[in-house]
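Visitor: Per this note's numbering, residue 479 is the first one in the sequence shown, and the count goes up by one each step. Positions of the beta carbon are idealized from the N, C-alpha and C atoms, including for glycine. Keep in mind it's a predicted model, so treat the numbers as computed, not measured.
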Amino acid sequence: MGETAFVFSGGGSLGAVEVGMLRALTLHGVRPDWVVGSSVGALNAAYFAGDPSSHGVELLEALWRSIGTGSVFPASPWRALVNLVLGRDHLVTPTSLRKLIEHHLPYRRLEDARLPCHIVAADVLSGDPVRLSQGSAVEALLATTAIPGIFPPVRIDDRLLVDGGVASNTPIATAVALGARQIVVLATGAPCTLERPPRGAVGLALHALTILIARQLVSDVTRFADTVPIAVVPPLCPLNVSSYDFSRTGELIDRAANTTADWLEHGGLGRPPLANGLAPHRHDDGVAT
Numbered sequence: 479m480g481e482t483a484f485v486f487s488g489g490g491s492l493g494a495v496e497v498g499m500l501r502a503l504t505l506h507g508v509r510p511d512w513v514v515g516s517s518v519g520a521l522n523a524a525y526f527a528g529d530p531s532s533h534g535v536e537l538l539e540a541l542w543r544s545i546g547t548g549s550v551f552p553a554s555p556w557r558a559l560v561n562l563v564l565g566r567d568h569l570v571t572p573t574s575l576r577k578l579i580e581h582h583l584p585y586r587r588l589e590d591a592r593l594p595c596h597i598v599a600a601d602v603l604s605g606d607p608v609r610l611s612q613g614s615a616v617e618a619l620l621a622t623t624a625i626p627g628i629f630p631p632v633r634i635d636d637r638l639l640v641d642g643g644v645a646s647n648t649p650i651a652t653a654v655a656l657g658a659r660q661i662v663v664l665a666t667g668a669p670c671t672l673e674r675p676p677r678g679a680v681g682l683a684l685h686a687l688t689i690l691i692a693r694q695l696v697s698d699v700t701r702f703a704d705t706v707p708i709a710v711v712p713p714l715c716p717l718n719v720s721s722y723d724f725s726r727t728g729e730l731i732d733r734a735a736n737t738t739a740d741w742l743e744h745g746g747l748g749r750p751p752l753a754n755g756l757a758p759h760r761h762d763d764g765v766a767t
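Here you go:
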């Protein structure tokens, strides 16, 4: 196993931030030996592993700029009501997400990616993280993005799996266990200037998961700081975009590319991450609290 791992966190539509980070990292010649991802971060990790070049990032960026909320969460209140009345384990059928993955991902099995790609999902019974490194890439990605109650769990082998955020939304621990000697974390961050929470069950579920992601990141960075060098690409702040809002992905990509380039030019990879600055916070009168 190679030395450097890129670790991608989850965060719904804020996954666009990671694409901007990738643009700057690849342009600066920073490349991993393998990738680990959870939730929407697993989608970015998998696509990047298929073509880990600037051209591959350009294709991923074009894909992000082309999708909307309906591309992932198709609006069908009637179907959601039927699923609820019938006591099904989900509100949204992941047909659109499946088609998106199948149409754009350039390989079918995880072991066929150009870079080793590890996807982290969660066992629905135990909550334990489950690492998927081979087998169907589509099923692995549907599993790690299966938000409980929103999308149906995915059965792989003898386990029912759900969104990786339940167990490890920023899977630093998985990278450490795989033997990484250097970790670069691409973190989506959390909205710190939203005036009100998102509306609807899906939006609220994503928002709550995004806050959990940010807290897990701080915990993992602190936990493993003395085990392996960890560089956390700074998430965007201030940020007033909901993790359910796919209408501003282009803005997020460009902002993240610019801030990451500045961070790299000022020696960011060689500086320890400031865990306190990564924690969820709010801005009151321009002051972070």
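(1) Could you name the residues of the same chain whose beta carbon sits closer than 7 Å to that of E496, not counting the 5 residues immediately before and after it, in chain order?
(2) Any idea if R749 is buried or exposed, counting beta-carbon neighbours within 10 angstroms, 16 or more meaning buried?
(3) G490 and T688 look like a contact to me (Cβ under 8 Å); what is the Cβ gap, rounded to whole Å?
(4) So if DSSP puts H596 in a beta bridge, which residue, or which two residues, is it bridged to?
(5) Using the Cα positions of L500 and E617, report the straight-line distance between them to the nearest angstrom.
(6) Output yes or no for whether 9 Å exceeds the beta carbon distance between D601 and L639.
(7) When the Cα atoms are used, what is the spatial distance from H761 to P675?
(8) For S544, count the other beta carbons within 10 Å of its own beta carbon; 16 or more makes it buried, fewer makes it exposed. Which is it?
(9) Buried or exposed: which applies to T705, given that a residue is buried once 16 or more other Cβ atoms fall within 10 Å of its Cβ?
(10) Under the three-state reduction of DSSP, which class applies to D732: helix, strand or coil?
(11) State the Cα-Cα distance for the pair H533 and I650, rounded to the nearest angstrom.
(12) Give, in chain order, every unbroken run of the alpha helix (DSSP H) that is at least 4 residues long and sits entirely within the segment 650-693.
(13) Find the nearest neighbour of V710 within the set L578, V513 and L747, judged by alpha-carbon distance.
(14) Using the beta-carbon count (16 or more within 10 Å), is E729 buried or exposed?
(15) Among all the DSSP beta bridges, which residues are the ones paired with F486?
(16) Since P751 sits in a beta bridge, which residues does DSSP pair it with?
(17) For N718 and V680, I'd like the C-alpha separation in whole angstroms.
(18) Look up F526 in the DSSP assignment and say whether it is helix, strand or coil.
(19) Hey, out of L742, R637 and I708, whose CA is closest to G808's CA?
(20) Tell me which same chain residues have a C-beta within less than 7 Å of the C-beta of V644, skipping the five on either side of it?
(21) Can you look up D770 in the DSSP assignment and give me helix, strand or coil?
(22) Nearest-angstrom Cα distance between L714 and Y585?
(23) So, under 8 Å CB-CB, V598 and G642 are touching, yes? Tell me the CB distance rounded to an integer number of Å.
(24) Tell me the DSSP bridge mates of S614?
(25) Which first and last residues belong to the alpha helix (DSSP H) in which L575 is found?
(26) Quick check on the DSSP output: the beta strand (DSSP E) that includes A709 runs from which residue to which?
(27) Hey, A524 and L583 are a contact pair by Cβ (cut 8 Å); roughly how many whole angstroms apart?
(28) According to the Cβ coordinates, are P716 and T648 closer than 9 Å?
(29) Within the same chain, show all residues whose beta-carbon is closer than 6 Å to that of L538, passing over the 5 residues directly before and after it, in chain order.
(30) Looking at the secondary structure, which residues open and close the beta strand (DSSP E) in which R637 lies?
Guide: With the structure as the only source:
(1) Residue numbering aside, residue 496 sits at position 18 when the sequence shown is read from its first letter. The residues are F486, G519, N522, L664 and T666.
(2) Working through the sequence shown from its first residue, we reach residue 749 at position 271. So R749 ends up on the exposed side.
(3) Working through the sequence shown from its first residue, we reach residue 490 at position 12. Working through the sequence shown from its first residue, we reach residue 688 at position 210. Yes, they are in contact, since the Cβ atoms of G490 and T688 sit about 6 Å apart, within 8 Å.
(4) Mapped onto the sequence shown, residue 596 falls at position 118. For H596, which the question treats as bridged, DSSP gives the partners V514.
(5) Here residue 500 refers to the residue found at position 22 of the sequence shown. Here residue 617 refers to the residue found at position 139 of the sequence shown. Their Cα atoms are separated by approximately 24 Å.
(6) To locate residue 601, count along the sequence shown from 1; it is residue 123. To locate residue 639, count along the sequence shown from 1; it is residue 161. Yes, Cβ-Cβ distance for D601 and L639 is below 9 Å.
(7) If you number the sequence shown from 1, residue 761 lands on position 283. If you number the sequence shown from 1, residue 675 lands on position 197. About 15 Å.
(8) What you label residue 544 is simply residue 66 of the sequence shown in a count that begins at 1. With fewer than 16 Cβ atoms within 10 Å of its Cβ, S544 is classed as exposed.
(9) Residue numbering aside, residue 705 sits at position 227 when the sequence shown is read from its first letter. By the neighbour-count rule (16 or more Cβ atoms within 10 Å), T705 is not buried but exposed.
(10) For the purposes of this step, residue 732 is taken as the residue at position 254 of the sequence shown. In the structure shown, D732 sits in a helix (DSSP, three-state: H, G or I).
(11) Counting from 1 along the sequence shown, the entry for residue 533 is found at position 55. Counting from 1 along the sequence shown, the entry for residue 650 is found at position 172. If I take the Cα positions, the gap works out to 27 Å.
(12) 650-655
(13) Within the sequence shown, the letter at position 232 stands for residue 710. The option with the nearest alpha carbon to V710 is L747.
(14) For this step, residue 729 is matched to residue 251 along the sequence shown. Looking at its Cβ environment, which holds fewer than 16 other Cβ atoms inside 10 Å, E729 is exposed.
(15) Residue numbering aside, residue 486 sits at position 8 when the sequence shown is read from its first letter. DSSP output for F486 lists G515 and L664 as bridge partner(s).
(16) In the sequence shown, the residue the question calls residue 751 occupies position 273. None, per the DSSP bridge assignment.
(17) If you number the sequence shown from 1, residue 718 lands on position 240. If you number the sequence shown from 1, residue 680 lands on position 202. If I take the Cα positions, the gap works out to 18 Å.
(18) Within the sequence shown, residue 526 is the residue found at index 48, counting from 1. F526: helix per DSSP, three-state reduction.
(19) Outside the shown range of the chain, which is 479 to 767, sits residue 808, and nothing can be said about it.
(20) Residue mapping note: residue 644 aligns to position 166 of the sequence shown, counting from 1. Once the five neighbours on either side are set aside, the close Cβ partners of V644 are A600, G605 and P626.
(21) With the chain covering 479 to 767 only, the question about residue 770 has no answer from this structure.
(22) For the purposes of this step, residue 714 is taken as the residue at position 236 of the sequence shown. For the purposes of this step, residue 585 is taken as the residue at position 107 of the sequence shown. Whole-angstrom Cα-Cα distance: 31 Å.
(23) Here residue 598 refers to the residue found at position 120 of the sequence shown. Here residue 642 refers to the residue found at position 164 of the sequence shown. Their Cβ separation, rounded to whole angstroms, is 4 Å, which keeps V598 and G642 in contact under 8 Å.
(24) Counting from 1 along the sequence shown, the entry for residue 614 is found at position 136. BP columns for S614 point to R587.
(25) The residue given as residue 575 occupies position 97 in the sequence shown. Note, L575: alpha helix (DSSP H), T573 to H582.
(26) In the sequence shown, the residue the question calls residue 709 occupies position 231. Unbroken beta strand (DSSP E) run through A709: I708 to V711.
(27) Against the sequence shown, residue 524 aligns to sequence position 46. Against the sequence shown, residue 583 aligns to sequence position 105. Sure, about 6 Å apart at Cβ, within 8 Å.
(28) For this step, residue 716 is matched to residue 238 along the sequence shown. For this step, residue 648 is matched to residue 170 along the sequence shown. No; because the gap between Cβ atoms is not below 9 Å, this pair is not in contact.
(29) Position 60 of the sequence shown holds residue 538. Excluding sequence neighbours, L538 sits near V497 and Y525.
(30) On the sequence shown, position 159 is the one that residue 637 refers to. Per DSSP, R637 belongs to the beta strand (DSSP E) from R637 to V640.
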